[in-house]
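Report on the structure given below.
Shown next as structure tokens:
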């Protein structure tokens, strides 16, 4: 019988299926579920001191290896800090995928830690597209879409945000 795991953990396995072997980023309370599956999926993690560094490392990795670079960042300031390398990757046609956590609607109304009014729209200004996944199927679908577009279209930075409560949801892949 298949074991249900958190969506955040399962995301690493989906990325591994697309050939991702390294993820850059900074773990935090908002994105800890995304970090749970990295080791189990056989992906190496490179810890950055700042999200901007994680973004530029993902960019450099993509340029040097010819494979999309991937970065995990937290809600709000984590996403803001990686927007400069996202914009650079967009301008230079470098394939990087940034996955961030975000607050759900209930948390947004409470003014929780690192609240950002519309981080999806903010990120959309510096990348090819930015979408929020509101279900496990949507998360997997957006990841698949990003990697297909990296192969079939002009490769540019892309952003997927997933509510923290959804990252914690137990699911089968």
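In this note's numbering, the protein residues as written are 3 to 175. For glycine and all other residues, C-beta sits at the position ideal for the given N, C-alpha and C.
Which of helix, strand or coil DSSP assigns to residue i
{"i": "residue 165", "result": "strand"}
{"i": "residue 54", "result": "helix"}
{"i": "residue 49", "result": "strand"}
{"i": "residue 40", "result": "coil"}
Beta-carbon spacing of residue i, residue j below 8 Å
{"i": "residue 76", "j": "residue 33", "result": "yes"}
{"i": "residue 100", "j": "residue 159", "result": "yes"}
{"i": "residue 42", "j": "residue 8", "result": "no"}
{"i": "residue 156", "j": "residue 95", "result": "yes"}
{"i": "residue 199", "j": "residue 79", "result": "Outside the shown range of the chain (3 to 175) lies residue 199, about which nothing can therefore be said."}
{"i": "residue 151", "j": "residue 134", "result": "no"}
{"i": "residue 84", "j": "residue 91", "result": "no"}
{"i": "residue 172", "j": "residue 6", "result": "yes"}
{"i": "residue 27", "j": "residue 63", "result": "no"}
{"i": "residue 102", "j": "residue 161", "result": "yes"}
{"i": "residue 167", "j": "residue 106", "result": "yes"}
According to DSSP, residues forming a beta bridge with residue i
{"i": "residue 2", "result": "This structure does not reach residue 2, given that the chain is present from 3 up to 175, and the question cannot be answered."}
{"i": "residue 8", "result": "172"}
Quick check: the stretch 5–23 against the stretch 50–62, are at least 3 beta-carbon pairs closer than 8 Å?
In the pairwise beta carbon analysis, the stretch 50–62 is classified as not touching the stretch 5–23: fewer than three pairs are separated by under 8 Å.
Starting from the N-terminal side, write out each stretch of the alpha helix (DSSP H) that is 4 residues or longer and does not extend beyond the stretch 131–158.
For the stretch 131–158, whole alpha helix (DSSP H) runs of length 4 or above, ordered along the chain, are 138–154.
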